[in-house]
Amino acid sequence: MLLGVLFSGGKDSVYACRRAMETDSISCLITVVSENPDSYMFHTPNVVWAKLIAEAVGIPQLTWPTAGREEEELSDLSDAIAAAVDGYGIEGVVTGAIESVYQAARVQRICRELDLWCYNPLWQIDQLEYLRLLVSEGFEVIITGVFAYPLDESFVGARIDGPLLEKLEALRDRYAINPSGEGGEIETFVLDGPIFKKRIEILRAEKTYENYRGRFSIEEARLVEK
Amino acid sequence: MILVVDLCFKPRSLSKYEFVDPIAAIVRRAGFDCEIHHFTELADDLIEGADRIILCGTALKDDLYARRIDQFSWIRDLDKPILGICAGMQVLAAVFGGGIVPQPKIGLEAIDIVKETDLLGPPRRIEGYHLHNFGVTLPQGFDLVAGRPGEVEAIKHADRPVYGIIFHPEVRNRWIVERFDALLLE
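Those sequence lines, one after another, are chains A and B.
The working numbering puts the first residue of the first sequence at -14, with every later residue one more than the last.
The working numbering puts the first residue of the second sequence at -1, with every later residue one more than the last.
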């Protein structure tokens, strides 16, 4: 089946893409770029750099703008998916939704209206097991945003690896945060992985942090040989 | 062993991650052995060796199971507990003479439990995640456990441990799968 992946460049969309590549053909990556930093539906930090991942994995990218107003985002997403049907012949959509019924139900409704299949291959996955999978399979994931107590400045820009997983597990046990950030606590960007033909090198980035809100904004990056 | 049956349109599909693996994970976390098999690959000894059977749901656009009801005839004479989830409930209804009817619903909605059962407990209102294009008409010999005749949410065979729910328990209602795993049978 020809599929389009809703793609932000964060770990969930990248890993959903990996799973979909094992069973189906990915025709395009669909990236909705929101002008609203507090977008309800779309991952915003560093989403402009998703184009490098698309190039690294060798899949065409369809980018679509949205002003990021709550319900208008949905019609913008529907338009983006319809454009992927027209431009790339997709028969279904893949998302990286894990637990968000809000996101999943809305994408399901759009797919139903457009007569498309909808796949959520990370749905209800155990979040810590999932992070361990990412690490063990060789994905290089960095944290590009933290938005909740008690995530301190050390998390901003940090790579998700074994020691960081232990810290996240401890915070989950003590503060009930979602370790993979499904509740919006953490946002990520993927620099490398088994589906990457090249990896991403960050040349310049700006880090900001205040009151348990921090961002790691990529300002300059390039693809390099692995 | 609890046999978790994949009803998706083909074995090892992308939908398996979404509709089958989360149910198997609940079973395993509850401490029970579990095997996953696709409905087109079920051998008689597998069914005979299972203590309980769960029929999982499918993607919204997937209706192959409804066109292959003959492959589920083994359910009719089964003497062990079986739980049908969404597509699985539709299969149960069809096998026992009920109908599969267009009835699309997506999202979290209230569910009124109207009859006490060992699976869902006493009458009350709960909330469940719905993702289906089709519902069922009540088969003969079954009780309406939740919902209403035009919008059946849960059913149970009057005499046998055969249960169906149209909503997806892996979202906010994992207790239903855990309770099915642990049902004490007379």
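Just so it is clear, CB atoms sit at the ideal spot from N, CA and C, and this is done for glycine as well.
Contacts of residue i in chain B (Cβ-Cβ under 8 Å)
i	result
A:Asp103	Rather than Asp, the amino acid found at residue 103 of chain A in this sequence is Cys. By Cβ distance, chain B contributes Ala57, Leu58, Lys59.
A:Ala52	Those do not exist, as A:Ala52 stays about 25 Å from chain B at its closest Cβ, beyond 8 Å.
A:Arg4	Leu12, Tyr15
Burial state of residue i (16 or more Cβ within 10 Å)
i	result
A:Arg189	exposed
A:Val33	exposed
B:Trp72	exposed
A:Thr173	buried
A:Tyr134	exposed
B:Glu184	With a pLDDT of 46 at B:Glu184, under the threshold of 50, the modelled position of this residue cannot be trusted; read the value that follows with caution. With fewer than 16 other Cβ atoms within 10 Å, it is exposed.
B:Lys14	buried
B:Gln138	exposed
A:Tyr104	buried
A:Tyr160	exposed
A:Glu170	buried
B:Pro121	exposed
A:Arg200	buried
B:Gly95	exposed
A:Lys182	exposed
A:Asp71	exposed
B:Arg146	exposed
A:Pro164	buried
A:Lys192	exposed
B:Ala92	buried
B:Asn171	buried
A:Tyr0	buried
B:Glu16	buried
B:Pro167	buried
A:Pro148	exposed
A:Asn196	exposed
B:Arg123	exposed
B:Pro100	exposed
A:Glu58	buried
B:Ala108	exposed
Contact list for residue i against chain A, beta-carbon separation under 8 Å
i	result
B:Arg10	Thr8
Cross-strand partners of residue i (DSSP beta bridge)
i	result
A:Trp49	A:Val17
B:Thr115	B:Gly119
B:Gly162	B:Gly82, B:Ile153
A:Phe201	A:Lys192
B:Gly55	For B:Gly55, which the question treats as bridged, DSSP gives no partner whatsoever.
B:Gly100	The sequence shown places Pro at residue 100 of chain B, not Gly. B:Phe132.
A:Ala1	Bridge partners of A:Ala1: none, in fact.
A:Phe174	A:Ile127
B:Asp1	Note that residue 1 of chain B is Leu in the sequence shown, not Asp. The partner list for B:Leu1 (beta bridge, DSSP) reads B:Glu33, B:Ile51.
B:Asp68	DSSP output for B:Asp68 lists no bridge partner at all.
B:Gly126	B:Glu107
B:Ala144	B:Ile111, B:Ala152
A:Ser10	A:Leu(-13)
A:Ala184	Looking at the sequence provided, one finds Arg at residue 184 of chain A rather than Ala. A:Arg184 pairs with A:Val209.
A:Arg144	A:Ile127
Proximal residues of chain A, C-beta to C-beta of residue i below 9 Å
i	result
B:Pro20	Trp108, Gln109, Ile110
Contact list for residue i against chain A, beta-carbon separation under 7 Å
i	result
B:Leu129	Gln93
B:Glu16	Tyr104, Asn105, Pro106, Trp108
Proximal residues of chain B, C-beta to C-beta of residue i below 9 Å
i	result
A:Val86	Gly105, Leu106, Tyr127, Val169, Arg170
A:Arg97	Leu58, Lys59, Pro102, Ile104, Asn131
7 Å Cβ cut-off: residues of chain B touching residue i
i	result
A:Ala161	Neighbours of A:Ala161 on chain B: none; closest Cβ ~16 Å, over 7 Å.
A:Ala90	Ile104, Gly105
Min CB distance residue i to chain D below 8 Å
i	result
A:Lys36	Absent from the structure: chain D. Protein chains present are A and B.
- Given a limit of 8 Å on CB to CB distance, which residues of the stretch 104 to 116 of chain B reach chain A? So the close ones are Ile104, Gly105, Leu106.
- Item | Positions along the stretch 57 to 84 of chain B whose CB lies within less than 7 Å of some CB in chain A | Ala57, Leu58, Lys59
- Message: Ignoring anything shorter than 4 residues, give me the alpha helix (DSSP H) runs that lie fully in the stretch 51 to 114 of chain A, in order along the chain.
- Response: 55 to 73, 86 to 98
- Give, in chain order, every residue of the stretch 20 to 38 of chain B whose Cβ lies closer than 8 Å to some Cβ of chain A. For the stretch 20 to 38 of chain B, the set of positions with a beta-carbon nearer than 8 Å to some beta-carbon of chain A reads Pro20, Ala23 in chain order.
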